[in-house]
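Working notes, structure below.
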Amino acid sequence: MKKTLASDNYAGTSPEIIEAIAKVSNGHQGAYGADDATKEAIEMFKRLLKEDIDVFFTMNGTGANVTALSSVCPSYGAVITSSVAHINVDECGAPEKFGGFKILTIEKEDGKISPEDISPFLVNLGEQHWSQPKVVSITQATEYGTVYTCEEIKAIADFAHQNNLLLHVDGARISNAAVSIGATFKEMLVDTGVDFISFGGTKNGLMFGEAVIFLNTSLSENYKYLRKQGMQLLSKMRFISAQFVALFDGDLWKKNAEHANKMAQLLAEGLQKAEGAKVTQKVQANGVFAILDPKVIPILQEQSPFYVWNEQTHEVRLMCSFDTTEEEINQFITTLEKYQVVEA
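In this note's numbering, the protein residues as written are 66 to 409.
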């Protein structure tokens, strides 16, 4: 089957993950998390982050985000986030429908928000006619492939806490972000003051499954009920948990993320040298955004499907995965350069 640059969701599953799933399929184990793999995965998260956390596994990223936010934000509340955040544009209104709260958005060219961006939303705190901000949600890495530094996250967390807000991290590509800035998960999430996180695995080699982690355990009291109500409680949970065990064992998470990021850098370098192409965002994780000649886009998509991010400007999104190869990147660039030569 043809590989693509459309999304890291298109990629297959790491062989180590497949092996882990097969291994826990033998015999019977307790359901709904009462199994050895779930206990081991939780202990691994505690070693990576800190001992005092609560970990809950979910079936997918939307489920993780929606149930996590709904557990701390009342229906009269609001979540402040980037305009391109997944919870705003790619979850079919699930956060608002399931949680009942309002999403307040901030327009930023690189998808990264700051305390200064959040401040205007706080002028009506206590005003009964307005939805009350309760949570700030950032995406790490962002939907534009940019990455928050630890200092930037801490600044947002400090500002949020000073204003009685919580900080949530949508970590769909959290491993790519950690590799990008050379930080441990503890440095990036615990030491900065993040309250809770949706920890992604699917985009980094897992078959399925994410985790909701409360670094502030005072927030997690009722989450297990919302997870069940939100249809995210998998009965055979060991098939999610075992994947995370394999992901962390031997630093597979790091190997996969490093490779995907490296392929994105290689792709960006090729695009920057190619006539008629313009990289539009800093390439810090595994995504590359670029403006291409509209005539070449269909030709390239035939070779390696990808999405057009902005139809008006012909900006495209090219995503690299743990199984993207240098050969595929080189073929993509060669096709682009060949087209440009023909048109010159």
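Cβ atoms here follow ideal geometry from the backbone N, Cα and C, with glycine treated the same way.
Only a predicted model underlies this, so the values are computations on that prediction, with no experimental measurement involved.
Can you give the beta carbon distance from residue i to residue j, rounded, assuming they're within the 8 Å contact cut?
i, j, result
"V381", "V373", "5 Å"
"A276", "F121", "7 Å"
"L383", "L70", "4 Å"
"D260", "L291", "Not really, about 16 Å apart at Cβ, beyond 8 Å."
"S263", "A133", "6 Å"
"I178", "S135", "Their Cβ separation, rounded to whole angstroms, is 21 Å, which puts I178 and S135 out of contact at 8 Å."
"C215", "A243", "The pair is not a contact, with the Cβ atoms about 10 Å apart (cut-off 8 Å)."
"V200", "H233", "5 Å"
"G270", "T78", "6 Å"
"V310", "K115", "Not quite, the Cβ-Cβ distance comes to about 19 Å (not below 8 Å), so this is no contact."
"S300", "Y97", "6 Å"
"P198", "L230", "6 Å"
If you draw a straight line from the C-alpha of residue i to the C-alpha of residue j, how long is it?
i, j, result
"P160", "E402", "43 Å"
"N91", "N241", "32 Å"
"E84", "Q193", "54 Å"
"G164", "T204", "19 Å"
"G176", "D316", "28 Å"
"H324", "N351", "9 Å"
"V211", "V353", "In the sequence as displayed, the identity of residue 211 is Thr instead of Val. Each residue's Cα considered, the two are about 10 Å apart."
"N395", "M272", "27 Å"
"Q308", "I82", "5 Å"
"A420", "Q405", "The structure shown has nothing for residue 420, since the chain only spans 66 to 409."
"A143", "I168", "5 Å"
"D73", "G191", "42 Å"
"L312", "S386", "15 Å"
"K347", "E208", "12 Å"
"D314", "R112", "12 Å"
"T237", "T267", "Note that residue 237 is Ala in the sequence shown, not Thr. Taking the straight line from one Cα to the other gives about 8 Å."
"E156", "K338", "36 Å"
"A342", "L331", "15 Å"
"T257", "E174", "24 Å"
"A329", "I246", "15 Å"
"I107", "L280", "13 Å"
"G265", "T127", "10 Å"
"M302", "I86", "11 Å"
"Q377", "E105", "49 Å"
"P320", "D182", "Correcting the residue type first, residue 320 is Lys in the shown sequence and not Pro. Taking the straight line from one Cα to the other gives about 35 Å."
"S140", "F166", "4 Å"
"I118", "T170", "29 Å"
"Q349", "P363", "26 Å"
Give the secondary structure of residue i by DSSP, where H, G and I count as helix, E and B as strand, and everything else as coil.
i, result
"I178", "coil"
"V89", "helix"
"D119", "strand"
"E387", "Note that residue 387 is Phe in the sequence shown here, rather than Glu. Residue state, collapsed to three classes: coil."
"V407", "Because V407 sits at a pLDDT of 49, beneath the cut-off of 50, its placement in the model cannot be relied upon, and the following sentence gives the value as read from the coordinates. In the structure shown, V407 sits in a helix (DSSP, three-state: H, G or I)."
"E393", "helix"
"D101", "helix"
"N125", "coil"
"Y288", "helix"
"M296", "coil"
Mind checking who residue i pairs with in its DSSP beta bridge?
i, result
"S135", "Its beta-bridge partners do not exist; DSSP assigns none."
"Q197", "G142"
"V188", "In DSSP, V188 forms no bridge with anything."
"I183", "In the DSSP output, where bridge partners are listed per residue, I183 has none listed."
"S202", "H233"
"F279", "D119 and F261"
Requested in this report: Taking only runs that begin and end inside the segment 141-172, name each unbroken beta strand (DSSP E) of 3 or more residues, in chain order.
Outcome: Runs found: 142-147 and 167-171.
Requested in this report: Let me know the alpha helix (DSSP H) ranges lying completely inside the segment 299-385, each 4 residues or longer, listed in chain order.
Outcome: Taken in chain order, the whole alpha helix (DSSP H) runs of length 4 or more contained in the segment 299-385 are 303-313, 317-338 and 362-368.
Report task. Can you check the segment 208-272 for any alpha helix (DSSP H) of at least 4 residues that lies completely inside it and give the ranges in chain order? Result -> 215-227 and 239-246
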